[in-house]
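Each step along the sequence shown adds one to the number in the UniProt record's numbering, with nothing skipped, and position 225 is 225. Just so you know, even glycine gets a beta-carbon here, dropped at the ideal spot from N, CA and C. Inspection log for the structure reproduced underneath, given as structure tokens.
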Amino acid sequence: MDRQNNTIKAPTKTRLPKLAHIDQLIVDGQPHFGVFAEVERINYLDYHSHLISQKAVSQRRKQFKANQFAFVQIVQPPYRICMAIATIKLASTVFAYIYNEHTGEFEVVEALQPLTHNSEFSGDHRQGRMSLKQGKLSLVLQFSESGVQLDLVSKQFAVSAQLGRSDQPLAVCSPSGRRGWSFTQKEPLTVIGGTLTFFADSKHYPKLADTDSDNKTDNRVDNKLSGDKAQTGLSHSLPLKPHALVNLDWTLGFMRHETNWFWSCITTELPDGRTFMLNLSMGVNETGVSENACWIDGQIYYLPPVLFSRQSDLTGGKQPKCGTSPDEPRACAWQVSHLNLGWSDVEIELSFTPISVYKKMDNYGVIASVFEQWIGTYCGHIKLSAAQGGHVVALDNVMGLAEDHFAKW
Numbered sequence: 001m002d003r004q005n006n007t008i009k010a011p012t013k014t015r016l017p018k019l020a021h022i023d024q025l026i027v028d029g030q031p032h033f034g035v036f037a038e039v040e041r042i043n044y045l046d047y048h049s050h051l052i053s054q055k056a057v058s059q060r061r062k063q064f065k066a067n068q069f070a071f072v073q074i075v076q077p078p079y080r081i082c083m084a085i086a087t088i089k090l091a092s093t094v095f096a097y098i099y100n101e102h103t104g105e106f107e108v109v110e111a112l113q114p115l116t117h118n119s120e121f122s123g124d125h126r127q128g129r130m131s132l133k134q135g136k137l138s139l140v141l142q143f144s145e146s147g148v149q150l151d152l153v154s155k156q157f158a159v160s161a162q163l164g165r166s167d168q169p170l171a172v173c174s175p176s177g178r179r180g181w182s183f184t185q186k187e188p189l190t191v192i193g194g195t196l197t198f199f200a201d202s203k204h205y206p207k208l209a210d211t212d213s214d215n216k217t218d219n220r221v222d223n224k225l226s227g228d229k230a231q232t233g234l235s236h237s238l239p240l241k242p243h244a245l246v247n248l249d250w251t252l253g254f255m256r257h258e259t260n261w262f263w264s265c266i267t268t269e270l271p272d273g274r275t276f277m278l279n280l281s282m283g284v285n286e287t288g289v290s291e292n293a294c295w296i297d298g299q300i301y302y303l304p305p306v307l308f309s310r311q312s313d314l315t316g317g318k319q320p321k322c323g324t325s326p327d328e329p330r331a332c333a334w335q336v337s338h339l340n341l342g343w344s345d346v347e348i349e350l351s352f353t354p355i356s357v358y359k360k361m362d363n364y365g366v367i368a369s370v371f372e373q374w375i376g377t378y379c380g381h382i383k384l385s386a387a388q389g390g391h392v393v394a395l396d397n398v399m400g401l402a403e404d405h406f407a408k409w
């Protein structure tokens with residue numbers, strides 16, 4: 001294997017575990033814990049924690065205590081488009097950013113609102129809707145069994161995408177503390193159609209306008225959340241291509257009051273043309289199960305627990321601004337590895353070098369958040385078990401994400 005390039009060695013035979021398909025997550029008041037092939041319905045309002053009391057908790061209280069968020073990443077070189085929507089009921093938030101891998105240009109739009117004002121969080125990952133609007137910024141995610149409809153509108157840019165679902169998602173439910181639990185589903189998506197539009201206020205617009213003036217138009221983009229006409233004026237639209245790579249993270253649960261996690265995500269195409277998606281985490285969903293997995297050409301391979309190692313901030317208290325390249329020594333690599341204790345022949349040895357960051361800090365006493373999502377490059381390798389076919393994926397300066405998040409909610 002040549003580890004100087006992104007290569008994959010693929011032996012012939014693969015034996016995959018047979019996981020359960022379940023109709024609903026909560027049965028007789030309690031969640032199913034484990035890793036599943038599919039969960040049809042997240043009926044979280046049927047949950048009853050006998051550890052709290054023998055009395056039923058009101059539906060309104062359960063709705064209020066459940067946290068929910070979704071994250072979507074679209075990779076169409078040179079652009080990396082990331083967006084998220086979340087609610088902890090006391091506050092709801094949305095952010096989106098676009099990073100140009102060629103120029104390093106980084107542009108962020110974001111909103112934070114009290115409670116669930118001008119937002120909707122209904123249904124679940126297969127039949128549901130998540131939306132938030134503040135001023136000229138809105139994000140709508142509409143989920144169905146077959147796909148996800150995404151509509152983002154802001155003053156700087158807009159994204160509209162029709163996305164197809166994977167037939168091999170990662171679906172995990174695990175305990176959270178003494179009385180809670182969390183469910184997450186991660187999956188690669190496919191682009192069915194859509195557009196990426198830059199408006200004249202965008203940092204990315206001038207270069208597009210200069211290089212491709214024929215496609216500069218006076219466009220109108222409708223805000224599908226409210227029906228308002230969000231933008232009128234000069235814009236530049238690019239079609240989302242079928243080979244664009246997309247990943248989805250959908251999570252809901254009754255989480256620990258204080259939660260901290262590290263997360264690693266790679267969505268890329270290997271030199272041999274195969275698609276590769278990686279999801280690794282530390283800090284959540286680790287009680288008896290793991291939300292770690294990778295996909296090679298859409299085929300899922302489950303991975304063991306990993307350790308993240310990140311050096312302390314030695315910048316004398318200076319905090320990086322969104323989109324800025326980190327100064328030394330903050331630019332030192334993170335390490336992500338699997339500690340092999342003899343029960344698994346999987347190897348995971350990765351280093352991540354940060355480039356740009358979306359960072360947000362909020363502290364309101366009762367609730368607080370320190371959120372860093374870095375864009376950077378990964379080097380290293382992943383060797384799957386012999387039972388999984390023994391695939392070896394080597395990564396050399398592959399672009400991806402790494403996240404460090406502390407939350408008090």
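- Between Trp250 and Thr184 a beta carbon distance of about 7 Å is seen, short of the 8 Å cut, so the two are scored as contacting.
- For Phe199, the enclosing beta strand (DSSP E) stretches over residues 180-199.
- Counting of Cβ neighbours within 10 angstroms places Ala171 among the buried residues, the total reaching 16 or more.
- DSSP places Lys65 in the uninterrupted alpha helix (DSSP H) bounded by 59-65.
- Nearest C-alpha to Val153 among Lys136, Met361, Leu115: Lys136.
- Within its own chain, the residues whose Cβ lies closer than 7 Å to the Cβ of Pro77, once the five positions on either side in sequence are excluded, are Glu101, listed in chain order.
- Using a C-beta cut-off of 8 Å, the region 77-90 makes contact with the region 364-374, since at least three inter-stretch Cβ pairs fall below that distance.
- One alpha carbon belongs to His257, the other to Gln24, and they sit about 26 Å apart.
- Beta-bridge partners assigned by DSSP to Leu238: Leu196.
- Asp249: member of the beta strand (DSSP E) spanning 245-254, first to last residue.
- Linking Asn247 to Thr268 through their CA atoms gives a straight-line distance of about 10 Å.
- According to the DSSP assignment, Val357 belongs to the beta strand (DSSP E) that extends over 347-363.
- Taking C-beta atoms under 8 Å as the contact rule, Ala333 and Phe352 qualify, at a distance of about 6 Å.
- Excluding residues up to 5 positions away in sequence, Leu45 lie with their Cβ nearer than 6 Å to the Cβ of Lys62 in the same chain.
- Rounded to the nearest whole angstrom, the CA to CA distance from Ala161 to Ala402 is 24 Å.
- Between Phe95 and Ser174, the alpha-carbon positions lie close to 27 Å from each other.
- In this chain, the beta strand (DSSP E) harbouring Ala96 covers 91-100.
- When DSSP states are grouped into helix, strand and coil, Tyr302 belongs to the strand group.
- In its chain, beyond the 5 residues on either side, Val336, Tyr378, Gly380 have a beta carbon closer than 6 Å to the beta carbon of Leu350.
- Nearest to Pro242 by alpha-carbon distance, out of Lys207, Met255, Thr275, is Thr275.
- Separation of Arg178 and Lys18 (C-alpha to C-alpha, rounded to the nearest whole angstrom) is 29 Å.
- In the DSSP assignment, Leu150 falls within the beta strand (DSSP E) that extends over 147-153.
- Excluding residues up to 5 positions away in sequence, His21, Ile22, Pro169, Ala171 lie with their Cβ nearer than 8 Å to the Cβ of Glu38 in the same chain.
- Under the three-pair Cβ rule at 8 Å, the region 382-399 counts as touching the region 284-300.
- Asn285 sits away from Pro305, with the two beta carbons spaced by 8 Å or more.
- Tyr364 and Val392 have their C-alpha atoms some 46 Å from each other.
- By the criterion of a C-beta distance shorter than 6 Å, Arg80 is surrounded in its chain by Tyr99, once the five residues flanking it on both sides are discounted.
- Taking 8 Å as the cut-off, the beta carbon of Lys186 is found no closer than this to the beta carbon of Asn260.
- By the neighbour-count criterion, in which a residue is buried when 16 or more other Cβ atoms sit within 10 angstroms of its Cβ, Gln388 is buried.
- Rounded to whole angstroms, Leu234 and Thr190 show a C-alpha spacing of 29 Å.
- If you draw a straight line from the Cα of His125 to the Cα of Val148, it comes to about 9 Å.
- When beta bridges are read from the DSSP output, Phe69 appears opposite Ala86, Thr251.
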